[in-house]
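Enquirer: Dumping the structure here so I can ask a few things about it.
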Amino acid sequence: MSAWFGTAFLVLAFCAYLAACAASGVAPTIDGILLVLAIMIYLRLWQMERD
20 MSAWFGTAFL
30 VLAFCAYLAA
40 CAASGVAPTI
50 DGILLVLAIM
60 IYLRLWQMER
70 D
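Just so you know, the working numbering puts 45 at position 26 of the sequence shown, and the rest follows in order with no gaps.
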């Protein structure tokens with residue numbers, strides 16, 4: 020998997036989180052945003068290690 024594809028996937032996952040919050044009528048909290056960002060960074064580093 021190329022780096023650009025992985026980065027685009029992570030950005031789409033973050034947008035999906037925000038869309039899910041908007042659809043459920045719940046405002047995204049800083050805790051939720053930080054959790055999603057931490058998972059995204061972890062997965063990105065794991066992917067970079069594998070490349």
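Virtual Cβ for every residue (Gly too), placed ideally from N, Cα, C.
For the alpha helix (DSSP H) that A46 lies in, which residues bound it at each end?
Expert: In the sequence shown, residue 46 corresponds to position 27, counting from 1. Note, A46: premise wrong, no alpha helix (DSSP H); not H, not E.
Enquirer: Within a Cβ cutoff of 7 Å, which residues of the same chain sit near L62, ignoring the five residues on either side of it in sequence?
Expert: The sequence position of residue 62 within the sequence shown is 43, counting from 1. Taken in chain order, the residues that qualify are L29.
Enquirer: Considering only C-alpha positions, which residue in the set V55, F24, D50 is nearest to A35?
Expert: Mapped onto the sequence shown, residue 35 falls at position 16. The candidate whose alpha carbon is nearest that of A35 is V55.
Enquirer: Could you pull out every residue in the same chain whose Cβ sits closer than 7 Å to the Cβ of A42, ignoring the five residues on either side in sequence?
Expert: Your numbering for residue 42 matches position 23 in the sequence shown. Same-chain partners within the cutoff: there are none.
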